[in-house]
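**Q**
Protein chains: 2
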Amino acid sequence: MSIQAIVFDAYGTLFDVYSIGSLAEKLFPKRGAALAELWRDKQIEYTRLRTMCSTYKPFWEVTQDALVFTCKKLKLDLTLDAQNMLMGQYAKLDAFPENLGVLQRLQSMGLKLAILSNGNPEMLDAVVKAAGMQGLFNHLLSVDAVKKFKTAPEAYQLGPDVLGLSAKNILFVSSNCWDACAAAWFGYTTFWVNRADAPLEELGIQPDAIGADMTALLRFIEPDAGTE
Amino acid sequence: MSIQAIVFDAYGTLFDVYSIGSLAEKLFPKRGAALAELWRDKQIEYTRLRTMCSTYKPFWEVTQDALVFTCKKLKLDLTLDAQNMLMGQYAKLDAFPENLGVLQRLQSMGLKLAILSNGNPEMLDAVVKAAGMQGLFNHLLSVDAVKKFKTAPEAYQLGPDVLGLSAKNILFVSSNCWDACAAAWFGYTTFWVNRADAPLEELGIQPDAIGADMTALLRFIEPDAGTE
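In the order they appear, the protein sequences are chains A and B. When we follow this note's numbering, the leftmost residue of the first sequence carries the number 1444, and every step to the right adds one. When we follow this note's numbering, the leftmost residue of the second sequence carries the number 1444, and every step to the right adds one.
(1) Identify the contact partners of Lys1590 (chain B) in chain A, using a Cβ-Cβ distance below 9 angstroms as the criterion.
(2) Is Phe1592 (chain B) near Leu1614 (chain B), with beta carbons less than 8 angstroms apart?
(3) Give me the residue from A:Thr1498, A:Leu1584, A:Leu1481 with the minimum Cα distance to Leu1518 (chain A).
(4) Would you report the Cα separation of Met1566 (chain B) and Thr1594 (chain B), rounded to the nearest angstrom?
(5) Does Tyr1454 (chain B) come within less than 8 angstroms of chain A when only Cβ atoms are used?
(6) Is it right to say Gln1486 (chain A) is buried, meaning 16 or more other beta carbons lie within 10 angstroms of its own, or is it exposed?
(7) Please report the residue range of the alpha helix (DSSP H) in which Ile1653 (chain B) lies.
(8) Report the three-state DSSP secondary structure of Lys1590 (chain B) (helix, strand or coil).
(9) Quick check on DSSP: helix, strand or coil for Ser1462 (chain A)?
(10) Strictly below 8 angstroms CB to CB, what residues from chain B border Asp1508 (chain A)?
(11) If Arg1638 (chain A) and Ser1617 (chain A) are in contact, beta carbons under 8 angstroms, what's the gap, nearest whole angstrom?
(12) If distances are taken between C-alpha atoms only, which option among B:Val1460, B:Ile1446, B:Ser1445 comes closest to Asp1452 (chain B)?
(13) At a Cβ threshold of 8 angstroms, is Met1530 (chain A) touching chain B?
(14) Which residues in chain B sit within 9 angstroms of Phe1502 (chain A), going by Cβ to Cβ distance?
(15) Look up Phe1634 (chain B) in the DSSP assignment and give the residues it is bridged to.
(16) Run through chain A and tell me which residues come within less than 7 angstroms of Val1511 (chain B), C-beta to C-beta.
(17) Among residues of its own chain, excluding the 5 on either side of Arg1474 (chain B), which ones have a beta-carbon nearer than 8 angstroms to its beta-carbon?
(18) Provide the residue(s) that pair with Ala1639 (chain B) in DSSP beta bridges, ordered along the chain.
(19) Around the Cβ of Ser1497 (chain B), are there at least 16 other Cβ atoms within 10 angstroms (buried) or fewer (exposed)?
(20) Name, please, each residue of chain A whose Cβ falls closer than 7 angstroms to the Cβ of Ala1610 (chain B).
(21) For Ile1446 (chain A), does the three-state DSSP call read helix, strand or coil?
(22) State the DSSP-derived secondary structure class of Leu1519 (chain A), mapped to helix, strand or coil.
(23) Let me check understanding here. Comparing Cα to Cα, which of A:Asp1568, A:Met1657, A:Asp1640, A:Gln1532 lies closest to Leu1559 (chain A)?
(24) Among the candidates B:Phe1512, B:Thr1632, B:Ala1479, whose CA atom is the shortest distance from the CA of Leu1660 (chain B)?
(25) Starting from Leu1492 (chain B), follow the beta strand (DSSP E) in both directions and report where the run begins and ends.
(26) When you compare only the Cα positions, how much space is there between Asp1587 (chain B) and Arg1491 (chain B)?
(27) On the three-state DSSP scale, how would you describe Leu1434 (chain A)?
(28) Can you list, in chain order, the residues of its chain with a C-beta nearer than 6 angstroms to that of Cys1624 (chain B)? Leave out the 5 residues immediately preceding and following it.
(29) Kindly say whether Ala1625 (chain A), judged by its beta-carbon, lies nearer than 8 angstroms to any beta-carbon of chain B.
(30) CB-CB under 7 angstroms to Phe1663 (chain A), same chain, minus the five flanking residues each way: which ones, in chain order?
(31) Give the C-beta separation of Gln1526 (chain B) and Leu1510 (chain B) to the nearest angstrom, bearing in mind that I take them to be a contact with Cβ-Cβ under 8 angstroms.
(32) So, with DSSP's three-state summary, where would you put Ala1626 (chain A)?
(33) Mind checking if Tyr1489 (chain B) is an interface residue toward chain A, Cβ cutoff 8 angstroms exclusive?
(34) For Gly1669 (chain B), decide whether its Cβ has a neighbour in chain A, counting only Cβ atoms nearer than 8 angstroms.
(35) For Thr1506 (chain B), does the count of other Cβ atoms within 10 angstroms reach 16, so buried, or fall short, so exposed?
(36) Nearest CA to the CA of Leu1584 (chain B): which residue from B:Asn1561, B:Gln1577, B:Gly1575?
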């Protein structure tokens, strides 16, 4: 295989965005799951609207806007305390359990590893540190550098530019099918971590490979390593 | 007021996209509402992804893709017959009941009226005809002309270009808050038909006016006309 580097999406792929659901459930009993889900959907929607309309602002602020909207929509009283707790949780999301081991193994194989995320640099630094993943990535790439969120080509272009490789020789890994599909449109080799057993998006393109979690990625990269 | 023309969004604003819910309910008992809602969300999502990634294809096809995904996601068996019935329904959506009278009144005031829609021309022709709205619009503008869906500026630019007016002198009317906000970003004077009593999107901008239905638009245009 000619894969020389792996670029990971952050939120939803390395870090579990739904892990804030438990805090949300404490703050708003019986509404935590609905809050977490709509917050995530709205956050992504706002990134797309702001990208198409050239009204970028940092992901942290977009995330906060999405939280405010979500609570209005669900008729939940979002106190400043609750807002700070939920946003604070966003800065230290849980990593999926298998990820640290998989990343260490990939690093030991000599692959360059990077994150390419909608998150602004401060968010990425915080969440990587909280997950104990310092030192595993050669680059933390934020779309903030181009002021356009994924799925703008300018955002995906950061990978080849910084790594000095063609997109085809970079494996782009995301748990968001739309992200993997758009990266495939861009030219990356792509891997969709389909944790939720979701159907493929009907976009007329598909990822080069699909697995249920990050250990499946390891088997894709190193076919003989997946037997333990 | 310096409004010289009114540009309407079509789906959701003039035509009720959720009216397919009743057909969906017949085809898939107890799942009709879920189907209609996810179909709509996914349809809009695909327009945004395809716009950001320059992979445009006509709205009819995108709508069909979204239906296929929705049924896979909801684990509904979409037969070809059911697909054709649902898509056929999309071509003749119900108009909201007050719309015809309001449009006739606006036309009689000498205002230029247009539709600016994600729908491709064939879809717009069909749905306008089915609703008995022929002759009410000076222009049926489809984003197909620029191969980018809303909220791309190129899509909104069709209004000023074809009408020969500045965006500020055109009232853009949509029941989708994101559409009204993006049109405001673009430079239109904007009116949000907030039929569902939804909260304002947290996008840092708001429509110039908001009303619960199209009769409220009439009162906005012609303040003395709203008393009957």
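Backbone N, C-alpha and C define an ideal beta-carbon position, used for all residues, glycine too.
**A** Walking through what the data contain:
(1) Going along chain A, no residue has its Cβ under 9 angstroms from Lys1590 (chain B), so there is no contact; the nearest lies around 14 angstroms.
(2) no
(3) Reading off the sequence shown, one finds Lys at residue 1518 (chain A), where the question assumed Leu. That would be A:Leu1481, whose Cα lies nearest to the Cα of Lys1518 (chain A).
(4) 19 angstroms
(5) no
(6) buried
(7) That residue, Ile1653 (chain B), is in no alpha helix (DSSP H); its beta strand (DSSP E) goes 1652-1654.
(8) coil
(9) helix
(10) Glu1645, Leu1646, Gly1647
(11) 11 angstroms between Cβ atoms; not a contact.
(12) B:Val1460
(13) no
(14) The premise fails here: Phe1502 (chain A) is roughly 14 angstroms from chain B at the closest Cβ pair, so nothing lies under 9 angstroms.
(15) B:Val1616, B:Ala1652
(16) Glu1645
(17) Ala1467, Glu1468, Leu1517, Leu1519
(18) None; Ala1639 (chain B) has no bridge partner.
(19) exposed
(20) The contacting residues do not exist; Ala1610 (chain B) stays about 14 angstroms from chain A at best.
(21) coil
(22) coil
(23) A:Asp1568
(24) B:Thr1632
(25) No beta strand (DSSP E) contains Leu1492 (chain B), which is instead part of the alpha helix (DSSP H) from 1475-1495.
(26) 14 angstroms
(27) Within the shown structure, residues of chain A are numbered from 1444 to 1671, placing residue 1434 (chain A) beyond reach of any answer.
(28) Glu1644, Leu1646, Ile1648
(29) yes
(30) Phe1634, Ala1652, Gly1654
(31) 7 angstroms
(32) helix
(33) yes
(34) Note that Gly1669 (chain B) scores 42 on pLDDT, short of 50, meaning its location in the model is unreliable; the coordinates nonetheless yield the value given after this. By this cut-off, Gly1669 (chain B) is not an interface position.
(35) buried
(36) B:Asn1561
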